[in-house]
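**Q** Residue numbers (our numbering), protein chains in the order written: chain A, 16 to 326; chain B, 955 to 1179.
Glycine included, every Cβ here is placed at the ideal spot set by N, Cα and C.
If you're wondering where the values come from, they're calculated on a predicted model, not measured in any experiment.
Following this message is one structure expressed as structure tokens.
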Amino acid sequence: MAAINQPTPASLQEYLWNHEKASRNQNPLLLPPEKILRILRYGAIVGSVIQCHSSMDRTMDQARQYITDLENSGGSVASGTAILADTLIRPKGRFTRTWHAPVGGLWGCLILADTFLSKARTLLPLTLGISCCEAVRGLGVDDASVRWVNDVMVDGRKLAGFLVESFHSPHYGEGFHLLGFGININNSCFPAALTNSAVSLSQILGRPVNLHNFTLSFLAKMAWNIGLLCYEEEQELHQAYFSEEQKNHLLLEQWKNLSDTLGRRVLYGYDIQQKPLYEAIVTGIRADGAIVMRLKDGNEIIEHGGELQYL
Amino acid sequence: MAEEIDFDAILKKYHSDPYDYVDICATQTGRVSFKITEGSNVNSPSGEWLHIPGSPLFEITRERNPKIVTAKTNGTISSVRTELEGQFVEAGEKLLTIRHPLKKKEVIENILKEVLYLFPAPERAKYFFSLDIQSRIEKKGARAITIKPGEEIFTMSLMKRDTPIYYTGEAGVIHSIYFTPGLSVDQGQPLIGICASDKLPLIQKVITRVKADWDKLIESAALEE
């Protein structure tokens, strides 16, 4: 059965170089046009191949199988390949959590070859939340925000969730990052357990959303933000040394613009649902993306992973 | 791993000098200002989440950006390179040494670390056993689990990026687990200690012997004093 949502690499490129470039020229980062062009060129690999499926078990599993099959036949995967599915049969969240992925949402996985240095690799998961939040705000949902690390929330309810898994191909041993995304767009029925905690874009807007256009917007913003990561890496490499305090990483600046996490009272845990650990107030985000929190006893604690729940 | 272990020599060594000497090096290039002197007592991090920093050791300033480096272990400052006070040092330059008094448990761990194969954390991150290894540990216990090179043993989690970690080392059983799932582990710190299954009795002998003899040695040392 043919997929309903069928963006093509050509339509994405058209969107990227016309709409996205124009919007970035009016961006709050105030970058000169030549830098914007450079960033877009870095990110233009995103969606170089787009696979569209009507359904599958999990896009992450599909990505691993795709990489393996291609290598076994003597080929290799194009970095930036996107795998999309109209619906997922056996979606899975983090840990043992289930994920509800019916028709109407945007479910997929982006394959990126691991060409990043350590710092950029650490910040990679931020690109997903930032891109989704930018795309959602682009539709007029101004109160969409990012909750550290990369959950996209609207009015306390989760609109989108992301997970990055690294993978080494069995044949060549090449490293890949699989950037999984699940965004509630036109799906409006959730399982009872999620009714109060999940929300879709169409529910917020009170009208259906053009899934094809949203997909292009999201992928184009992924191209920009991954390009930004590469561009910042280039800037750092061109300096004799990198002094984190002297320079603000543009991706982190954008994260701060979109996030409502800083200053919030939160419950922290690695698996917040099963094992919440402590309450704290978020006081900052470090250059490596780690979050800084102040505990009740006044001391600071820094976490490089885990989940937050706003209190 | 040595076939035979000279218990008497090992115990004598720890008995005569029951301390670890922890060298502290510059974490980055910069100008150094010491916060301690020789003989100062320093504390390790404390608090439920080890979030209260240890005693300040030195301040290092680069590009008008001062950073305080604190003690990760408790003990007494046994030496300080005072000639470096106010000087610009390279990253990795040794600055001071902490003499850390060993407990019986630490003596056992130190001896085991000499005889086990230690698998280090590739990055500062949170670590978890892979689902397969975790379920095998829950069913049979870690020391019944044999792992082989190439086997997926951990998931390394950093900023919601999960990376499978494959075991590289000699095949053997998981003897010691040095990490707590969900808590960050520094790069290079051991995650697990592995030994060949036929060496397990020998390892057990080490532990039993240290447990039995350590208190006697400490008692006799106290009597001598």
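Considering only the beta carbon of each residue, do Ile241(A) and Val61(A) sit closer than 8 Å?
**A** On the first sequence, position 226 is the one that residue 241(A) refers to. On the first sequence, position 46 is the one that residue 61(A) refers to. Yes.
**Q** On the three-pair Cβ rule with 8 Å, is the segment 1076-1089 of chain B touching the segment 1150-1162 of chain B?
**A** no
**Q** Say whether chain A places a C-beta atom closer than 8 Å to the C-beta of Ile1157(B).
**A** Reading the second sequence from its first residue, position 203 is the one you call residue 1157(B). Chain A, which has no Cβ nearer than 8 Å to the Cβ of Ile1157(B), makes this no.
**Q** For Ala255(A), which three-state DSSP category applies?
**A** The residue you call residue 255(A) lines up with position 240 of the first sequence. Per-residue confidence for Ala255(A) stands at a pLDDT of 46, beneath the threshold of 50, marking its modelled position as unreliable; the derived number appears in the next sentence. Looking at Ala255(A) - three-state DSSP - the assignment turns out to be coil, as it is neither helix nor strand.
**Q** Checking contacts by CB at 8 Å: is Gly304(A) closer than that to chain B?
**A** The residue labelled residue 304(A) in the question sits at position 289 within the first sequence. Cβ-Cβ to chain B under 8 Å: yes for Gly304(A).
**Q** Going by beta carbon distance, what residues of the same chain come within less than 6 Å of Ser69(A), once the five residues before and after it are set aside?
**A** For the purposes of this step, residue 69(A) is taken as residue 54 along the first sequence, with counting starting at 1. Excluding positions up to five away in sequence, the list reads Met16, Ala18 and Asp101.
**Q** Taking a cut of 9 Å between CB atoms, which residues from the segment 1114-1138 of chain B lie near chain A?
**A** Lys1114, Arg1115, Asp1116, Thr1117, Pro1118, Tyr1120, Pro1135, Gly1136, Leu1137 and Ser1138
**Q** Quick check: Val224(A) and Ile200(A), are their CB atoms within less than 8 Å of each other?
**A** As a first step, residue 224(A) is located in the first sequence; it is residue number 209 there, counting from the start. As a first step, residue 200(A) is located in the first sequence; it is residue number 185 there, counting from the start. Against a cut-off of 8 Å, the Cβ pair of Ile200(A) and Val224(A) comes out as a contact.
**Q** Given 8 Å as the limit, is there contact between the segment 1075-1082 of chain B and the segment 1110-1119 of chain B, that is, 3 or more CB pairs closer than that?
**A** yes
**Q** Kindly give me the distance between the Cβ atoms of Ser274(A) and Ser160(A), rounded to whole angstroms, as I take these residues to be in contact under 8 Å.
**A** The sequence position of residue 274(A) within the first sequence is 259, counting from 1. The sequence position of residue 160(A) within the first sequence is 145, counting from 1. Rounded, the Cβ-Cβ distance is 6 Å, consistent with contact.
**Q** Is the shortest distance between the beta-carbon of Asn314(A) and the beta-carbons of chain B less than 8 Å?
**A** Along the first sequence, read from residue 1 onward, the residue named residue 314(A) stands at position 299. Flagged as an interface residue toward chain B: Asn314(A), by a C-beta distance shorter than 8 Å.
**Q** Given a threshold of 16 other Cβ atoms within 10 Å of its Cβ, counted over all protein chains shown, does Tyr187(A) qualify as buried or as exposed?
**A** Residue 187(A) sits at position 172 when you count from the first residue of the first sequence. Burial call: exposed.
**Q** Can you pull the chain A neighbours of Lys1080(B), defined as C-beta to C-beta under 8 Å?
**A** Position 126 of the second sequence, counted from the first residue, corresponds to residue 1080(B). The answer, in chain order, is Tyr285, His319, Gly320 and Gly321.
**Q** One question on the structure: do Ile98(A) and Gly123(A) come within less than 8 Å of each other, judged by their Cβ atoms?
**A** Here residue 98(A) refers to the residue found at position 83 when the first sequence is read from its first residue. Here residue 123(A) refers to the residue found at position 108 when the first sequence is read from its first residue. Ile98(A) is a Cβ neighbour of Gly123(A), given a cutoff of 8 Å.
**Q** Is the Cβ-Cβ distance between Gly1104(B) and Tyr1120(B) less than 8 Å?
**A** What you label residue 1104(B) is simply residue 150 of the second sequence in a count that begins at 1. What you label residue 1120(B) is simply residue 166 of the second sequence in a count that begins at 1. Cβ distance < 8 Å, so Gly1104(B) and Tyr1120(B) count as in contact.
**Q** Any beta carbon from chain D within less than 8 Å of Glu180(A)'s own beta carbon?
**A** Absent from the structure: chain D. Protein chains present are A and B.
**Q** Quick one: using the 10 Å Cβ neighbour count with 16 as the cut-off for buried, is Arg112(A) buried or exposed?
**A** By one-based count along the first sequence, residue 112(A) stands at place 97. Arg112(A) is exposed by the Cβ-count criterion.
**Q** Please name the residue in Ala1098(B), Arg985(B), Glu1063(B) and Leu1156(B) whose C-alpha comes closest to that of Glu1044(B).
**A** One-based indexing of the second sequence puts residue 1044(B) at position 90. Looking at Ala1098(B), Arg985(B), Glu1063(B) and Leu1156(B), the one whose alpha-carbon comes closest to that of Glu1044(B) is Arg985(B).
**Q** Cα separation between Gln66(A) and Thr23(A)?
**A** Counting from 1 along the first sequence, the entry for residue 66(A) is found at position 51. Counting from 1 along the first sequence, the entry for residue 23(A) is found at position 8. Near 8 Å, if we compare the C-alpha coordinates of Thr23(A) and Gln66(A).
**Q** Excluding sequence positions up to five away, which residues of its chain have a Cβ less than 8 Å from the Cβ of Leu1056(B)?
**A** The count along the second sequence starts at 1 and reaches residue 1056(B) at position 102. Only Tyr968, Pro972, Tyr973, Asp974 and Asn1064 meet the Cβ criterion.
**Q** Going by DSSP in three states, Phe205(A) sits in which element: helix, strand or coil?
**A** Your numbering for residue 205(A) matches position 190 in the first sequence. Coil.
**Q** In this structure, what does DSSP give as the bridge partners for Ser181(A)?
**A** Sequence index remark: in the first sequence, residue 181(A) carries index 166 (1-based). Per DSSP, His192(A).
**Q** Can you give me the C-alpha to C-alpha distance between Asn211(A) and His115(A), rounded to a whole angstrom?
**A** The residue given as residue 211(A) occupies position 196 in the first sequence. The residue given as residue 115(A) occupies position 100 in the first sequence. Cα-Cα distance, rounded: 14 Å.
**Q** When you compare only the Cα positions, how much space is there between Gly321(A) and Gly299(A)?
**A** The residue you call residue 321(A) lines up with position 306 of the first sequence. The residue you call residue 299(A) lines up with position 284 of the first sequence. Cα-Cα distance, rounded: 15 Å.
**Q** Count the CB pairs spanning the segment 268-286 of chain A and the segment 299-310 of chain A that are closer than 8 Å, and state whether there are at least three.
**A** The segment 268-286 of chain A vs the segment 299-310 of chain A: in contact.
**Q** Once DSSP output is grouped into helix, strand and coil, what is the label at Trp239(A)?
**A** The residue given as residue 239(A) occupies position 224 in the first sequence. Three-state result, Trp239(A): helix.
**Q** Going along the chain, which residues of the segment 998-1009 of chain B sit with their C-beta nearer than 7 Å to a C-beta in chain A?
**A** Along the segment 998-1009 of chain B, the positions whose C-beta sits under 7 Å from a C-beta of chain A are Gly1001, Trp1003, His1005 and Ile1006, read in chain order.
**Q** Using the three-state DSSP reduction, which class does Gly58(A) fall into: helix, strand or coil?
**A** Reading the first sequence from its first residue, position 43 is the one you call residue 58(A). Residue state, collapsed to three classes: helix.
**Q** Leaving out five residues before and five after Asp977(B) in sequence, what residues of the same chain have Cβ atoms less than 7 Å from its Cβ?
**A** Here residue 977(B) is taken as the residue at index 23 of the second sequence, counted from 1. Lys1048 and Thr1051.
**Q** What's the gap between the Cα of Lys1067(B) and the Cα of Ala135(A)?
**A** The sequence position of residue 1067(B) within the second sequence is 113, counting from 1. The sequence position of residue 135(A) within the first sequence is 120, counting from 1. Spanning the two alpha carbons is a distance of roughly 34 Å.
**Q** To the nearest angstrom, how far is the alpha carbon of Leu194(A) from that of Ser26(A)?
**A** Stepping through the first sequence from its first residue, residue 194(A) is reached at position 179. Stepping through the first sequence from its first residue, residue 26(A) is reached at position 11. So the two alpha carbons sit approximately 21 Å from each other.
**Q** In its own chain, which residues sit with a C-beta less than 7 Å from the C-beta of Ala255(A), not counting the 5 before and 5 after it?
**A** Along the first sequence, read from residue 1 onward, the residue named residue 255(A) stands at position 240. Because the pLDDT at Ala255(A) is just 46, under 50, the model does not fix this residue reliably, and the value given afterwards should be weighed accordingly. Excluding positions up to five away in sequence, the list is empty.
**Q** Using the rule of at least 16 other Cβ atoms within 10 Å of the residue's Cβ for burial, across every protein chain shown, is Phe110(A) buried or exposed?
**A** In the first sequence, residue 110(A) corresponds to position 95, counting from 1. Counting Cβ neighbours within 10 Å, Phe110(A) comes out exposed, since fewer than 16 surround it.
**Q** Inspect the beta-carbon positions of Ser998(B) and Lys1021(B) and report whether they are closer than 8 Å.
**A** Looking up residue 998(B) in the second sequence gives position 44. Looking up residue 1021(B) in the second sequence gives position 67. No; because the gap between Cβ atoms is not below 8 Å, this pair is not in contact.
**Q** For Glu1124(B) and Ser1151(B), what's the separation of their Cα atoms in angstroms?
**A** Looking up residue 1124(B) in the second sequence gives position 170. Looking up residue 1151(B) in the second sequence gives position 197. Using only the alpha carbons, I get a separation of about 11 Å.
**Q** Quick check on DSSP: helix, strand or coil for Phe1108(B)?
**A** Reading the second sequence from its first residue, position 154 is the one you call residue 1108(B). In the structure shown, Phe1108(B) sits in a strand (DSSP, three-state: E or B).
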